[in-house]
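Worksheet: one structure, shown below.
What follows is the structure in structure tokens.
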């Protein structure tokens, strides 16, 4: 079974975070972000893929402090909305370092982005392309394609990207409309742990580039999107170098001329930089002879742990108690919502000594947490973030 | 197949809402709440169950305007947190009209509630009961039990409530601890459309009351919780009178002495009072011969439509186009999140004439929407609410 990490033995808390928690005892729940780890992760990505331009996916953690730290290190930014454009510019990012990567945008949002100096956009549909030509003339564009293209009549394709044949047609159309065709892009999917996952997309992108060249539409770059994983309790991320080697080999094989590479990591930059400190609100059993304890935390699915939907991410947990003796638990959030249960199908064990008022630390929680928080569901405030480093 | 409602023919938009939309053209997305409908729904509940005290479940829609309107009509309030206590008191509710119905509470939150004058609480576990005795001495308490009690070793019971045998023990303990035992409570589950669902819980509550009487612990009331449904596209709510008759008959059968009745409706008060106006951001196909169109709205699962998780609620939709000709669609939200898809397994058809910039109105959306909104996921702001009536 999965034992909880022992706080004393655990190497997972940086000395900086440990000192901060001891000195400041922040009210719970809260997300602590170690900005030094953000910087370290950024440079690890640069070192693994020095030939690629890094556009940090702001959505993973849009805290102004994170964006400012990465701008200072020279990162570019993948933004999903005009809100994220304003955020990045306010934190010192140059407009030319922004890429509006969301293929779903209102015409007015494209015009706003263009007025603020954004000149890179991603599209995957004709309507959006026409809006780009009108409201962001001359901009650089990528067309996002689906690696597994949908068949006609099957509605259950992925949300983003179009069939490769349509991508070819739309990129030619982009060229005709006076846009600067950068090339194709795709996304292997968030938290992708298999380096081989890049190959099919790179092969397709190479084929698209070749086909476009034959009709006189030169391409320039390959945007590989994000998806670089973090390690969680039940998922081990391979080293970034493994991804880099797979990418490099596939590009060499499938492109006639080496394209400029662009990557859009989010989770890989911020996940391990964050830790949520929570407090146990209640430990109970549903009947006097129930083997399982229910452990209710002061954070749940609606105040930051949205990625535990369907128990997708199993975070590592940490308490101040010795790891044993322990016992099986169901872990739930504090709201009156019956779906606000964090883990009941994923086996977790927590120390038998755990009591209301104790802390439970949720590790590697820097990505896709605070910004998911509900504004006030059940009257609970959003998850605050505090920064060290 | 399910046809979209025609705007002109639809009786679903009150003249007040229609006039407001025409005059004010609010920016989208936004939730419009007709406070007159909130009042009407409250009085319909009173008329259906005049013998019951109504504690509005604030979590369903915690807008201050809604709470103020209901306080003015004489409603009491079921609150889930200290935040909701402060909200209700600020909107004119008397402390004695509040019931702290969340069985998951920190000791400090109990003390805070007690200091603000709250004297009714619900518990379902020994730890919370002890905290109530210490921090809210003498208060009135209900113990929430599970209608289908978990067996030992099965962790997958519901989040709230304990086994009935434990409820008996804990209520006796509450009496010993000097708390005022109101009795048992249960919850049939949100959006419960079968009036027969009340019977098993009422029978169990009656048995608990009888058993407690035999050991000298008198009980006073029966809290039936919420769960009163609203009608959605694929779910027809029976009339409130059907619920009332089922409740009345079961109470008469299973209680020796008629208890005071308490109900905690949320959805049934506010759902039909609300409409979300959204805008189509993009209509696309994934390939040139795809039968399905993807319709992307400027609202999605993270900005208010949280109850479309697993496509649980199928809202009625309304456009300004004639209902036909129409065609099948997948409906998705505006973020870069691949899970931000609203309906892909639930068949929806929308007019072929639908274009980017058109409005799509989401009906009966007054419950569990705006307060679920993320603070800033993908840089999109939370769903604002505007009020008429």
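Protein chains in written order, with the numbering used here: chain A, 1 to 389; chain B, 390 to 778.
Glycine included, each C-beta is placed from N, C-alpha and C at the ideal position.
Separation of residue 522 of chain B from residue 27 of chain A, as counted between CA atoms:
25 Å
Take residue 540 of chain B and list the residues in its own chain whose beta-carbon comes closer than 7 Å to its own, dropping the five residues that flank it on each side.
Caution is warranted here: a pLDDT of 48 is assigned to residue 540 of chain B, below 50, making its placement in the model unreliable, and the coordinate value is therefore given only provisionally. There are no such residues.
Which residues in chain A have a C-beta closer than 8 Å to the C-beta of residue 515 of chain B? List them in chain order.
284
Residue burial classification, residue 583 of chain B (beta-carbon count within 10 angstroms, cutoff 16)
exposed
Is it buried or exposed for residue 580 of chain B, if we count other Cβ within 10 angstroms and need 16 for buried?
buried
For a contact meaning CB atoms closer than 7 Å, what does residue 166 of chain A contact in chain B?
676, 677
Taking all protein chains shown into account, do 16 or more other C-beta atoms lie within 10 angstroms of the C-beta of residue 332 of chain A, making it buried, or fewer, making it exposed?
buried
State yes or no: is the C-beta of residue 138 of chain A within less than 9 Å of the C-beta of residue 119 of chain A?
yes
Pairwise C-alpha distance: residue 570 of chain B and residue 338 of chain A:
25 Å
How about residue 774 of chain B and residue 452 of chain B: do their beta carbons lie closer than 9 Å?
yes
With 9 Å as the limit, tell me which residues of the stretch 475 to 508 of chain B have their beta carbon closer than that to any beta carbon of chain A; keep them in chain order.
475, 476, 490, 491, 492, 493, 494, 495, 496, 498
Once the 5 residues before and after residue 735 of chain B are set aside, which same chain residues still bring their CB inside 7 Å of it?
700, 703
Minimum Cβ-Cβ distance from residue 265 of chain A to chain B less than 9 Å:
no
Among B/693, B/458, B/596, whose alpha-carbon lies nearest the alpha-carbon of residue 423 of chain B?
B/458
Just the C-alpha distance for residue 437 of chain B and residue 461 of chain B, rounded to the nearest angstrom, thanks.
20 Å
Please decide whether residue 762 of chain B counts as near chain A, where near means a Cβ-Cβ distance under 9 Å.
yes
Would you say residue 270 of chain A faces chain B, with C-beta separation under 9 Å as the test?
no
By how many angstroms is the C-alpha of residue 375 of chain A removed from the C-alpha of residue 419 of chain B?
15 Å
According to DSSP, residues forming a beta bridge with residue 649 of chain B:
B/610
Residue 294 of chain A - partner residues in DSSP beta bridges
A/284, A/330
Do residue 116 of chain A and residue 87 of chain A come within 9 Å of each other at the CB atom, strictly closer than that value?
no
Under 9 Å, Cβ to Cβ, is there at least one residue of chain B near residue 391 of chain A?
Residue 391 of chain A lies beyond the range of chain A shown here (1 to 389); nothing can be said about it.
Do we get a CB-CB distance below 9 Å when we pair residue 767 of chain B with the residues of chain A?
yes
In chain order, what are the residue ranges of uninterrupted beta strand (DSSP E) at least 3 long that sit wholly in the stretch 413 to 470 of chain B?
419 to 423, 441 to 446, 465 to 468
What are the residues in the stretch 204 to 226 of chain A lying within 7 Å of chain B by C-beta distance?
none
Tell me which residues share the same chain as residue 259 of chain A and place their Cβ nearer than 6 Å to its Cβ, disregarding the 5 neighbours each side in the sequence.
221, 222
Below 8 Å on the Cβ atoms is my guess for residue 403 of chain B versus residue 162 of chain A; work out the distance and round it to an integer in Å.
No, residue 403 of chain B and residue 162 of chain A are not in contact; Cβ-Cβ is about 41 Å, not under 8 Å.
Start and end of the alpha helix (DSSP H) containing residue 517 of chain B?
515 to 524
Alpha carbon to alpha carbon, how far is residue 548 of chain B from residue 448 of chain B? Give it in angstroms, no decimals.
17 Å
What residue range is occupied by the uninterrupted alpha helix (DSSP H) comprising residue 708 of chain B?
Not the alpha helix (DSSP H): residue 708 of chain B falls in the beta strand (DSSP E), residues 706 to 708.
Check whether the Cβ atoms of residue 124 of chain A and residue 144 of chain A lie closer than 9 Å to each other.
yes
Taking C-beta pairs closer than 8 Å, name the residues in chain B that residue 281 of chain A reaches, listed in chain order.
493, 494, 495
Segment contact, 8 Å Cβ cut-off, at least three pairs: the stretch 264 to 272 of chain A with the stretch 229 to 236 of chain A
yes
Spatial distance of residue 247 of chain A from residue 148 of chain A (CA atoms)
18 Å
Own chain partners of residue 441 of chain B with C-beta closer than 6 Å, once the 5 adjacent residues on each side are dropped
650, 652
Unbroken beta strand (DSSP E) runs of length 3 or more, entirely within the stretch 470 to 503 of chain B: which are they?
487 to 489
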